Structures are given as structure tokens and as C-alpha cells.
Amino acid sequence: MAELIYYCGTMDSGKSTLALQTAHNHDSRGRAGILFTNRDRAGSGKISSRLGLTSEALEVTEEMDLHKFIVDQLSGGKRIDYVICDEAQFYTPEQIEQLARIADGLGIDVYAFGILTDFRTRLFPGSARLVELADRVHTLQVEALCWCGQRATHNARTVGGVMVTEGEQVVVGDTNVENEVAYEVLCRRHHMRKVTARISGAAHQSIDPLPFN
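Quick look at the structure:
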């Protein structure tokens with residue numbers, strides 16, 4: 022039986038890399054698939070990994086009916102053995118239900134990849150629905166690291182290196198980029214204290230050196 026499988030993790034945990042590797046593995050065995058994405062850092066219609074891997078994909082808009090799209094493709098004679106959905110946290114709950122219908126009604130395996138929680142530690146609506154409906158939910162085993170070296174468990178939004186906890190849920194940015202809005206992964210301890218890498222560096226620099234001669 023086909024399944025809806027959700028692979029989730031923080032930023033820097035290799036979600037997009039795994040999505041592209043999954044597509045490659047299926048393609049190498051002669052299986053045909055469709056790749057979806059939503060607001061990738063590389064731009065519309067792209068799945069990009071921080072390791073440098075990139076693939077073309079179909080951009081999912083809020084109005085798109087994914088089940089109908091797949092049915093139309095099948096009706097037109099296209100072969101579809103699997104579906105890859107990257108950045109699935111940005112899909113609407115209704116689109117997640119459509120993915121479940123693709124697996125159950127059309128017998129096509131659906132692999133979704135995304136982030137569970139936003140910068141406020143709240144579940145994304147798409148991720149919440151995936152947790153509720155997926156046949157399997159896997160937490161990625163590649164551990165992202167906080168600046169302190171501990172396992173990163175939370176995504177933080179920063180403006181000028183300073184962590185913020187208010188604002189729109191979805192604002193596209195990137196990690197380690199010097200722009201107005203960026204993102205950083207932190208352990209729970211530093212997320213709750215709002216201590217980013219830049220703040221930590223400033224704090225260290227402000228400490229007077231010990232008077233060793």
C-alpha cells in the first residue's frame with residue numbers, strides 16, 4: 022500500500038538534501054515522480070540544499086489542489102510512481118489532506134519534508150496536519166547544532182542578529198546570511214534566553230580579560 026511519510030527536523034538537518042536523494046533513488050530504479058516545493062530559499066520552483074544540490078520542482082500555491090493536479094496528470098497519460106513535497110510546513114492543511122488522498126486513492130507514495138515549528142515554537146498548520154495524518158513521521162537523525170555546540174531543537178528568527186518572537190509566521194529568509202531577516206537554529210536553553218550567535222559573541226567580547234601577566 023502507498024504511504025504518506027513525513028520527514029521533519031529543524032533547519033540545517035538535511036531535509037532538502039534527503040528530498041533530493043529520495044527522488045534520485047527512485048529515478049535510478051526507473052520510477053517516475055513529481056517534485057513539489059513552496060518558497061524555497063533559491064526561489065520559485067526550486068528545491069535547493071545547503072550542500073549545493075538543486076532540482077527543478079513545481080511551486081505550490083495556496084489555491085492549488087494537489088490531488089486534482091495529480092489526477093489530471095495521470096489522465097493525460099503521465100506516469101507517476103511517487104510524489105516529493107519539500108517545504109511541506111508551508112502547505113495548507115487542506116493540501117495535506119489532498120496528499121493523503123493521493124496515497125490512499127491513487128496508490129502513489131508521498132514523501133513530505135519540512136519543519137515542525139516556527140520561530141515562536143508553534144506548529145506550522147501544514148506540519149500539524151501531517152503529524153495527524155501521516156502513516157509515519159520520522160525525525161531526521163542529522164542533528165543541527167546550536168552555536169554552543171549542543172543539539173539545536175528550535176528555529177529562531179533574527180533581525181540584525183537579534184532574535185525576535187513576534188511577526189508574521191512565514192517570512193522567507195536564510196541561515197548565516199547578512200540580511201534584514203535571517204534564521205538560526207538554537208538549543209532550547211538559548212532560544213528561551215534569546216541568545217543568538219551574534220549576541221553570544223558580543224557578550225564574550227565585553228568580558229574584561231583576566232589579569233594574568
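Letter by letter, the sequence shown follows residues 22 to 234 in my numbering. Yeah, the Cβ is synthetic: ideal placement off N, Cα and C, and Gly gets one too. Treat the numbers as computed from the prediction; the structure is a model and nothing was measured.
Name the one or two DSSP bridge partners that residue i has.
i, result
"H159", "Y28"
"G54", "Y103"
"H175", "L207"
"I123", "I123 pairs with nothing; no bridge assigned."
"D48", "Note: D48 sits in no beta bridge, so no partner."
"V192", "Answer is none; V192 lacks a bridge partner."
"L166", "R172"
Pick helix, strand or coil for residue i, following the three-state DSSP scheme.
i, result
"G135", "strand"
"F111", "helix"
"T75", "strand"
"L231", "At L231 the pLDDT is 41, less than 50, meaning the model places this residue with poor confidence; the figure from the coordinates comes in the next sentence. L231: coil per DSSP, three-state reduction."
"D86", "coil"
"H225", "For H225, the predicted model reports a pLDDT of 49, less than 50, meaning its position is unreliable and no value from the coordinates is stated."
"A92", "It should be pointed out that residue 92 corresponds to Val in this sequence rather than to Ala. If DSSP states are grouped into helix, strand and coil, V92 belongs with the helices."
"E80", "strand"
"D61", "coil"
"I220", "helix"
I need the straight-line Cα distance from residue i to residue j, nearest angstrom please.
i, j, result
"K36", "T174", "14 Å"
"G98", "H88", "16 Å"
"I220", "D125", "48 Å"
"T75", "T58", "12 Å"
"A133", "A218", "30 Å"
"L39", "S148", "17 Å"
"Q110", "G222", "32 Å"
"G30", "R150", "16 Å"
"E164", "R172", "6 Å"
"I123", "Q94", "12 Å"
"A63", "E77", "10 Å"
Which residues mark the beginning and the end of the beta strand (DSSP E) in which residue i is found?
i, result
"M184", "V183 to V185"
"S34", "No beta strand (DSSP E) holds S34; DSSP gives it neither H nor E."
"S69", "K67 to S69"
Note the first and the last residue of the continuous alpha helix (DSSP H) segment covering residue i.
i, result
"E153", "P146 to L154"
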